[in-house]
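For the sequence shown, position 48 (counting from the first letter as 1) is numbered 77 according to the working numbering, and the numbering increases by one without interruption.
Working notes for the structure below.
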Amino acid sequence: MTGHSPDIVENKPPVLSSSEIDKLLSMTLIANLATTDDDGGIHLLPMWFLRIGSNIYIPTSHHTHKYRNLLARPRASVMIDISKAGLNLKGVLIRGRVDLINGDEARKINHSIHLKYVTPDALNNPDVASYLSKGDNVTVNVHMDHLISWNLVDSKAGRALDVGGWFRPHDG
């Protein structure tokens, strides 16, 4: 017998449509950036991001561990999701090649990323400005070479948990 059993295929969660993926990637959410350490371990961090075309841009500094990882191994995974109680889970996992952008181009892109998450007035605050403007001197450009999405909200189990109210709320 080849392929999947009917039970497995039937229980496979729905994926996001292209328009749902576009909407999710335009939202002000936190991306989880994964890079690979020298020993094969995963270095995983929450990051601000901005999607431009078919790329995800993430600000960083040339002093960071992730930057050193990406210099040595220019590939990354990025997960961007909305995770709520029960199976109210949807998101995308992006895997791809990475380009590291420096100089004026990086400062320009990073400024746009910063403005996605904070007000212009925040960038005038010396404490915020020194951290963001001086610290973020590199842009990580993750190419969306491979994308996986999920939408457990619209799965049979997700709908049943929601209708029945059979889930525990998240802390926080």
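For glycine and all other residues, C-beta sits at the position ideal for the given N, C-alpha and C.
These numbers were taken from a predicted model, which means no experiment stands behind them.
From the options, residue whose alpha carbon lies closest to that of residue i
i	options	result
residue 174	67, 45 and 84	84
residue 65	131, 100 and 170	100
residue 74	55, 176, 96 and 82	96
residue 160	131, 53, 62 and 140	140
residue 103	94, 45 and 128	128
residue 107	67, 92 and 63	63
residue 122	105, 130, 132 and 137	105
residue 201	69, 112, 133 and 155	112
Inter-residue CB distance, residue i and residue j (contact presumed, cutoff 8 Å)
i	j	result
residue 166	residue 135	6 Å
residue 87	residue 78	5 Å
residue 115	residue 191	6 Å
residue 206	residue 130	No answer is possible for residue 206: the residues shown for the chain start at 30 and end at 201.
Residue i versus residue j: straight-line alpha-carbon distance, rounded
i	j	result
residue 207	residue 188	Since the first residue of the chain shown is 30 and the last is 201, residue 207 is not available in this structure.
residue 43	residue 120	11 Å
residue 171	residue 180	23 Å
residue 195	residue 110	22 Å
residue 157	residue 146	12 Å
residue 193	residue 199	17 Å
residue 117	residue 76	22 Å
residue 155	residue 47	40 Å
residue 94	residue 69	14 Å
Outcome for residue i when other beta-carbon atoms lying within 10 angstroms are tallied against a minimum of 16
i	result
residue 143	buried
residue 153	exposed
residue 178	buried
residue 138	buried
residue 80	buried
residue 186	exposed
Sheet register partners of residue i (DSSP bridge)
i	result
residue 75	61
residue 121	109 and 178
residue 81	84
residue 126	104
residue 167	89
residue 172	84
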